[in-house]
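Trainee:
Protein chains: 2
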Amino acid sequence: MQSEFEFINKIKNKSRKPQPSQAVVGIGDDCAVLPKNAKTDLVITTDLIVEDIDFRTEWTTPEFLGHKALAVSLSDIAAMGAKPVWSMTSIGIPQAIWKTDFVERFYEGYFRLAEKYNVELIGGDVSKTPDKIVIDSIVAGETKKGKAVLRSGAKAGDLIFVTGELGGAAGGLKLLESGFNFNPSEEARQKNLVLRQLQPSPQISSGDFLSANKLATAMIDLSDGLSGDLRHICRASNTGAKLFAEKIPFDKNLNSLFESFEEKIEFALNGGEDFELLFTVNPKKYFQAQNEFEKRRFSLVGEITANVEMIELIRDEKSGILQPKGFRHF
Amino acid sequence: MQSEFEFINKIKNKSRKPQPSQAVVGIGDDCAVLPKNAKTDLVITTDLIVEDIDFRTEWTTPEFLGHKALAVSLSDIAAMGAKPVWSMTSIGIPQAIWKTDFVERFYEGYFRLAEKYNVELIGGDVSKTPDKIVIDSIVAGETKKGKAVLRSGAKAGDLIFVTGELGGAAGGLKLLESGFNFNPSEEARQKNLVLRQLQPSPQISSGDFLSANKLATAMIDLSDGLSGDLRHICRASNTGAKLFAEKIPFDKNLNSLFESFEEKIEFALNGGEDFELLFTVNPKKYFQAQNEFEKRRFSLVGEITANVEMIELIRDEKSGILQPKGFRHF
Numbered sequence: 000m001q002s003e004f005e006f007i008n009k010i011k012n013k014s015r016k017p018q019p020s021q022a023v024v025g026i027g028d029d030c031a032v033l034p035k036n037a038k039t040d041l042v043i044t045t046d047l048i049v050e051d052i053d054f055r056t057e058w059t060t061p062e063f064l065g066h067k068a069l070a071v072s073l074s075d076i077a078a079m080g081a082k083p084v085w086s087m088t089s090i091g092i093p094q095a096i097w098k099t100d101f102v103e104r105f106y107e108g109y110f111r112l113a114e115k116y117n118v119e120l121i122g123g124d125v126s127k128t129p130d131k132i133v134i135d136s137i138v139a140g141e142t143k144k145g146k147a148v149l150r151s152g153a154k155a156g157d158l159i160f161v162t163g164e165l166g167g168a169a170g171g172l173k174l175l176e177s178g179f180n181f182n183p184s185e186e187a188r189q190k191n192l193v194l195r196q197l198q199p200s201p202q203i204s205s206g207d208f209l210s211a212n213k214l215a216t217a218m219i220d221l222s223d224g225l226s227g228d229l230r231h232i233c234r235a236s237n238t239g240a241k242l243f244a245e246k247i248p249f250d251k252n253l254n255s256l257f258e259s260f261e262e263k264i265e266f267a268l269n270g271g272e273d274f275e276l277l278f279t280v281n282p283k284k285y286f287q288a289q290n291e292f293e294k295r296r297f298s299l300v301g302e303i304t305a306n307v308e309m310i311e312l313i314r315d316e317k318s319g320i321l322q323p324k325g326f327r328h329f
Numbered sequence: 000m001q002s003e004f005e006f007i008n009k010i011k012n013k014s015r016k017p018q019p020s021q022a023v024v025g026i027g028d029d030c031a032v033l034p035k036n037a038k039t040d041l042v043i044t045t046d047l048i049v050e051d052i053d054f055r056t057e058w059t060t061p062e063f064l065g066h067k068a069l070a071v072s073l074s075d076i077a078a079m080g081a082k083p084v085w086s087m088t089s090i091g092i093p094q095a096i097w098k099t100d101f102v103e104r105f106y107e108g109y110f111r112l113a114e115k116y117n118v119e120l121i122g123g124d125v126s127k128t129p130d131k132i133v134i135d136s137i138v139a140g141e142t143k144k145g146k147a148v149l150r151s152g153a154k155a156g157d158l159i160f161v162t163g164e165l166g167g168a169a170g171g172l173k174l175l176e177s178g179f180n181f182n183p184s185e186e187a188r189q190k191n192l193v194l195r196q197l198q199p200s201p202q203i204s205s206g207d208f209l210s211a212n213k214l215a216t217a218m219i220d221l222s223d224g225l226s227g228d229l230r231h232i233c234r235a236s237n238t239g240a241k242l243f244a245e246k247i248p249f250d251k252n253l254n255s256l257f258e259s260f261e262e263k264i265e266f267a268l269n270g271g272e273d274f275e276l277l278f279t280v281n282p283k284k285y286f287q288a289q290n291e292f293e294k295r296r297f298s299l300v301g302e303i304t305a306n307v308e309m310i311e312l313i314r315d316e317k318s319g320i321l322q323p324k325g326f327r328h329f
């Protein structure tokens with residue numbers, strides 16, 4: 000089976016660009032970037048979400064699904080340091096689901112999140128499907144001209160940060176896979192984990208703050224997991240990185256599932272779908288912004304190095320090579 | 000089962016537009032229209048194509064599928080009188096298909112058509128699916144500011160035209176459904192019908208001509224069929240229409256399938272997926288452009304009336320009411 004990366008590269012090479020390219024940035028970043036007018040660039044992303052690959056109807060609700068379909072694309076917009084503006088959805092639904100209130104409830108969840116970020120649904124398509132739900136979520140945003148934050152701008156010596164806490168969405172998935180067997184004494188924290196999986200929060204405000212203040216040299220959203228997404232930044236920037244295991248902010252709610260640091264750090268490193276932001280900052284810039292970073296609870300987790308595509312994990316002052324480990328969503 | 004129209008209206012009403020609307024035109028036309036800069040509007044469309052609903056792998060090839068996925072969205076761009084500029088695709092593929100050359104061949108067909116119209120693929124997504132192929136095709140185009148041709152501009156007295164010949168794609172589908180049982184003496188014409196179904200031609204040049212010369216008051220592409228798509232124009236324009244059966248240009252290749260005029264006109268009226276253009280023109284404008292219309296083989300098929308949402312079909316000087324008849328693609 001080909002990886003998504005190989006696939007995208009294959010398409011990229013096929014695209015022979017018959018005319019001067021429209022795109023400032025095309026395939027291979029969180030969003031494509033296109034010139035809009037003299038002051039503004041348009042960024043745009045599309046995310047395909049498929050039943051029994053990306054979600055199970057028995058584990059979620061239509062409202063959560065509507066929320067998440069929009070949230071995953073908003074997260075790509077956040078990763079460019081852009082503000083979301085408009086959206087479209089293509090939705091395919093089996094006939095039996097049409098007869099239920101699924102569509103209304105899906106859009107309840109969708110519009111609740113869309114209103115929070117002033118995103119206008121401007122179009123879409125609808126189709127029947129033989130038996131599974133599929134949703135393609137398209138969101139466009141805007142940045143000042145030339146100011147979209149790409150994956151490719153990291154330099155050796157830049158510091159590596161993440162927003163929020165990691166591994167919670169994967170912890171929630173583990174609970175869902177086990178049939179919601181909440182431990183009674185841990186129920187509240189375990190429900191938090193499940194909500195991290197079902198109702199992720201796109202980090203629009205943090206992305207906007209970082210781009211408005213020109214703080215991030217490179218940025219990506221954490222959809223595959225810290226390990227895999229840092230690899231995307233390193234590949235695009237032609238750098239390596241080292242991560243300090245003890246600095247990685249694992250989701251405190253994971254304490255309700257695991258006792259060992261190893262298990263929690265494994266989820267924080269390789270658990271996907273946290274939809275936090277991973278970004279790199281020139282150390283001088285960081286010292287200027289340190290207070291604001293603390294206020295926003297950004298965590299310094301590592302440093303960009305010159306060892307191309309080599310990612311080291313440092314723990315107890317010992318260094319090991321971090322192997323690529325795609326997280327199987329399920 | 001809800002119709003697509005009810006569904007779209009439901010969404011439209013849910014969209015509470017939390018801020019001054021970004022869109023000049025939102026849900027309900029062939030494309031959404033958004034301001035790009037002082038001189039240009041962006042038009043954008045998305046089309047979801049699902050295996051065993053919109054196509055069968057045993058009836059088509061990956062190259063035809065790549066062509067058609069792009070063509071259906073290009074046809075929406077043509078219907079706005081716009082020029083296509085860039086595209087994205089989200090594609091979901093079962094694991095077994097990944098292992099074949101499906102993806103390469105799909106994009107061979109896709110890029111062959113994209114190059115013809117200088118459309119740049121700028122992004123996309125890829126996902127596994129449990130068992131069916133799904134493709135979401137997104138295309139953006141540009142028009143001069145305020146010049147996108149909408150469905151809503153038809154006025155009583157306007158003349159109704161179509162490009163090309165109608166019913167061929169439905170004839171091709173009939174042949175595919177019958178297991179390609181080509182009549183030996185009719186094989187060439189029957190293959191033409193099948194190609195109308197599998198490899199449609201978006202009418203970009205005609206759409207651009209009509210909009211550049213401000214000739215069309217309303218326009219739509221023929222995806223549902225003349226009867227249904229004319230109904231969309233009448234509903235959006237708050238008009239009615241009359242069609243002259245004898246004037247409807249049915250696909251001459253249908254002569255290889257049917258002898259009776261009734262059968263051929265039925266396919267021309269209700270057969271979907273011809274991806275020709277249906278448009279309305281003020282009679283004075285028509286008289287100025289008549290030569291060019293003849294050169295381009297546009298057919299005058301009827302007239303817009305003031306009988307709101309009433310569509311008459313006139314044959315042998317007798318008039319009947321044309322009932323809504325959605326064409327089941329298959």
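First to last, the protein sequences are chains A and B.
According to numbering that gives the first Met the number 0, the first sequence is numbered sequentially starting from 0.
According to numbering that gives the first Met the number 0, the second sequence is numbered sequentially starting from 0.
Glycine included, every Cβ here is placed at the ideal spot set by N, Cα and C.
#1: So residue 160 of chain B is in the beta strand (DSSP E); what residue range does that whole segment cover?
#2: Could you tell me which uninterrupted alpha helix (DSSP H) segments, each at least 4 residues in length, are contained entirely in the region 284-329 of chain B, listed from first to last along the chain?
#3: Specify whether the region 143-152 of chain A and the region 255-262 of chain A touch according to this definition: at least 3 beta carbon pairs, one from each stretch, less than 8 angstroms apart.
#4: So which residues of chain A does residue 222 of chain B contact, with C-beta pairs closer than 7 angstroms?
#5: Could you pull the start and end residues of the beta strand (DSSP E) that residue 241 of chain A belongs to?
#6: To the nearest angstrom, how far is the alpha carbon of residue 0 of chain B from that of residue 229 of chain A?
#7: Use the C-beta contact count for residue 99 of chain B: other C-beta atoms within 10 angstroms, 16 or more gives buried, fewer gives exposed.
#8: Out of B:88, B:82, B:76 and B:24, state which residue places its alpha-carbon closest to the alpha-carbon of residue 85 of chain A.
#9: For residue 129 of chain A and chain B, any beta-carbon pair shorter than 8 angstroms?
#10: Starting from residue 71 of chain B, trace the alpha helix (DSSP H) both ways and give me its first and last residue.
#11: By the 7 angstroms beta-carbon criterion, what residues does the region 113-143 of chain B contribute toward chain A?
#12: Quick one: which residues of the region 79-90 of chain B get their C-beta closer than 9 angstroms to a C-beta of chain A? List them in chain order.
#13: Let me know if residue 111 of chain A comes out buried or exposed under the rule of 16 or more other beta-carbons within 10 Å of its beta-carbon.
#14: Please classify residue 103 of chain B: does DSSP put it in a helix, a strand, or coil?
#15: So, does the CB of residue 281 of chain A fall closer than 8 angstroms to a CB anywhere in chain B?
#16: Could you tell me which of B:29, B:67, B:179 and B:81 sits nearest to residue 209 of chain B, measuring between CA atoms?
#17: Using 8 angstroms as the Cβ pair cut-off and three pairs as the minimum, do the region 133-140 of chain B and the region 66-80 of chain B touch?
#18: My output table needs one value for residue 250 of chain A: the three-state DSSP class, helix, strand or coil.
#19: Could you name the residues that DSSP lists as bridge partners for residue 118 of chain A?
#20: Report buried or exposed for residue 177 of chain A, applying the criterion of at least 16 other Cβ atoms within 10 angstroms of its Cβ.
#21: Determine contact between the region 212-229 of chain A and the region 156-173 of chain A, defined as no fewer than three beta-carbon pairs at a distance below 8 angstroms.
#22: Starting from residue 52 of chain A, find everything on chain B with Cβ-Cβ shorter than 9 angstroms and list it in chain order.
#23: Helix or strand or just coil, what does DSSP make of residue 58 of chain B?
#24: Rounded to the nearest angstrom, what separates residue 63 of chain B and residue 197 of chain B at their Cα positions?
#25: Here's a check: name, in chain order, each residue in its chain whose Cβ is nearer than 7 angstroms to the Cβ of residue 329 of chain B, leaving out the five neighbours to either side.
#26: Decide yes or no for the touch test of the region 113-130 of chain A against the region 36-49 of chain B: beta carbon pairs closer than 8 angstroms, at least 3 of them.
#27: Following the continuous alpha helix (DSSP H) through residue 178 of chain B, name the residue where it begins and the one where it ends.
#28: Alpha carbon to alpha carbon, how far is residue 304 of chain B from residue 280 of chain B?
#29: Could you give the first and the last residue of the continuous alpha helix (DSSP H) run that contains residue 266 of chain B?
#30: Can you list, in chain order, the residues of its chain whose CB lies under 7 angstroms from that of residue 106 of chain B, leaving out five sequence neighbours each side?
#31: Give the DSSP-derived three-state secondary structure of residue 49 of chain A in the structure shown.
#32: Among the candidates B:144, B:266, B:246 and B:265, whose CA atom is the shortest distance from the CA of residue 316 of chain B?
#33: Quick one: give me the first and last residue of the beta strand (DSSP E) that residue 135 of chain A is part of.
#34: Between residue 319 of chain B and the ligand PLP, is there a pair consisting of the residue's CB and a ligand heavy atom that are separated by less than 7 angstroms?
#35: Please identify, using Cβ separations under 8 angstroms, the residues of the region 260-272 of chain A that lie next to chain B, in order along the chain.
#36: Whose C-alpha, out of B:188, B:192 and B:54, is nearest the C-alpha of residue 129 of chain A?
Mentor: So, from the listed chains and residues:
#1: Taking the second sequence and counting its residues from 1, one reaches residue 160 of chain B at position 161. Here the beta strand (DSSP E) through residue 160 of chain B covers 158-161.
#2: Within the region 284-329 of chain B, no complete alpha helix (DSSP H) run reaches 4 residues.
#3: no
#4: Sequence index remark: in the second sequence, residue 222 of chain B carries index 223 (1-based). Going along chain A, no residue has its Cβ under 7 angstroms from residue 222 of chain B, so there is no contact; the nearest lies around 11 angstroms.
#5: Within the first sequence, the letter at position 242 stands for residue 241 of chain A. Here the beta strand (DSSP E) through residue 241 of chain A covers 239-243.
#6: Counted from its first residue, the second sequence places residue 0 of chain B at position 1. Counted from its first residue, the first sequence places residue 229 of chain A at position 230. Caution is warranted here: a pLDDT of 36 is assigned to residue 0 of chain B, below 50, making its placement in the model unreliable, and no coordinate value can be reported.
#7: Reading the second sequence from its first residue, position 100 is the one you call residue 99 of chain B. With fewer than 16 other Cβ atoms inside 10 Å of its own Cβ, residue 99 of chain B counts as exposed.
#8: To locate residue 85 of chain A, count along the first sequence from 1; it is residue 86. Here the closest residue by C-alpha is B:24.
#9: As a first step, residue 129 of chain A is located in the first sequence; it is residue number 130 there, counting from the start. It does: the Cβ of residue 129 of chain A has a partner Cβ on chain B nearer than 8 angstroms.
#10: Residue numbering aside, residue 71 of chain B sits at position 72 when the second sequence is read from its first letter. Counting along the chain, the alpha helix (DSSP H) containing residue 71 of chain B begins and ends at 61-78.
#11: 114, 117, 119, 120, 121, 122, 123, 124, 125, 126, 127, 128, 129, 131, 133, 135 and 137
#12: 84, 85, 87, 88, 89 and 90
#13: The count along the first sequence starts at 1 and reaches residue 111 of chain A at position 112. Exposed, by the Cβ-count rule.
#14: Taking the second sequence and counting its residues from 1, one reaches residue 103 of chain B at position 104. Residue state, collapsed to three classes: helix.
#15: For the purposes of this step, residue 281 of chain A is taken as residue 282 along the first sequence, with counting starting at 1. Output row for residue 281 of chain A: interface = no.
#16: Position 210 of the second sequence, counted from the start, is the residue given in the question as residue 209 of chain B. In terms of CA proximity to residue 209 of chain B, B:81 leads the group B:29, B:67, B:179 and B:81.
#17: yes
#18: What you label residue 250 of chain A is simply residue 251 of the first sequence in a count that begins at 1. It is coil, neither helix nor strand.
#19: Indexing the first sequence from 1 puts residue 118 of chain A at position 119. Paired residue(s): none; residue 118 of chain A is not in a bridge.
#20: The residue labelled residue 177 of chain A in the question sits at position 178 within the first sequence. Residue 177 of chain A counts as exposed, since fewer than 16 other beta carbons sit within 10 angstroms of its beta carbon.
#21: yes
#22: Position 53 of the first sequence, counted from the start, is the residue given in the question as residue 52 of chain A. Ordered by position in chain B, the residues that pass the 9 angstroms Cβ test against residue 52 of chain A are 91, 126, 127, 128 and 129.
#23: Here residue 58 of chain B refers to the residue found at position 59 of the second sequence. DSSP places residue 58 of chain B in coil when its eight states are reduced to three.
#24: Sequence index remark: in the second sequence, residue 63 of chain B carries index 64 (1-based). Sequence index remark: in the second sequence, residue 197 of chain B carries index 198 (1-based). Answer to the nearest angstrom: the Cα atoms are 6 angstroms apart.
#25: Position 330 of the second sequence, counted from the start, is the residue given in the question as residue 329 of chain B. For residue 329 of chain B, the predicted structure reports a pLDDT of 37, less than 50, and the residue's modelled location is therefore unreliable. A value from the coordinates is still provided. 172 and 176, listed in sequence order.
#26: yes
#27: For the purposes of this step, residue 178 of chain B is taken as residue 179 along the second sequence, with counting starting at 1. First-last for residue 178 of chain B: undefined, no H or E at that position.
#28: Position 305 of the second sequence holds residue 304 of chain B. Position 281 of the second sequence holds residue 280 of chain B. So the alpha carbons of these two residues sit roughly 13 angstroms apart.
#29: Taking the first residue of the second sequence as position 1, residue 266 of chain B is located at position 267. First-last of the alpha helix (DSSP H) with residue 266 of chain B: 260-269.
#30: For the purposes of this step, residue 106 of chain B is taken as the residue at position 107 of the second sequence. Same-chain partners within the cutoff: 65.
#31: Translated into positions along the first sequence, residue 49 of chain A becomes position 50. In the structure shown, residue 49 of chain A sits in a strand (DSSP, three-state: E or B).
#32: Translated into positions along the second sequence, residue 316 of chain B becomes position 317. Measuring from the Cα of residue 316 of chain B, the nearest candidate turns out to be B:246.
#33: Indexing the first sequence from 1 puts residue 135 of chain A at position 136. Unbroken beta strand (DSSP E) run through residue 135 of chain A: 133-143.
#34: Within the structure as shown, the ligand PLP is missing, as the structure has no ligands at all.
#35: none
#36: As a working note, residue 129 of chain A is residue 130 in the first sequence. Considering only alpha carbons, the answer is B:54.
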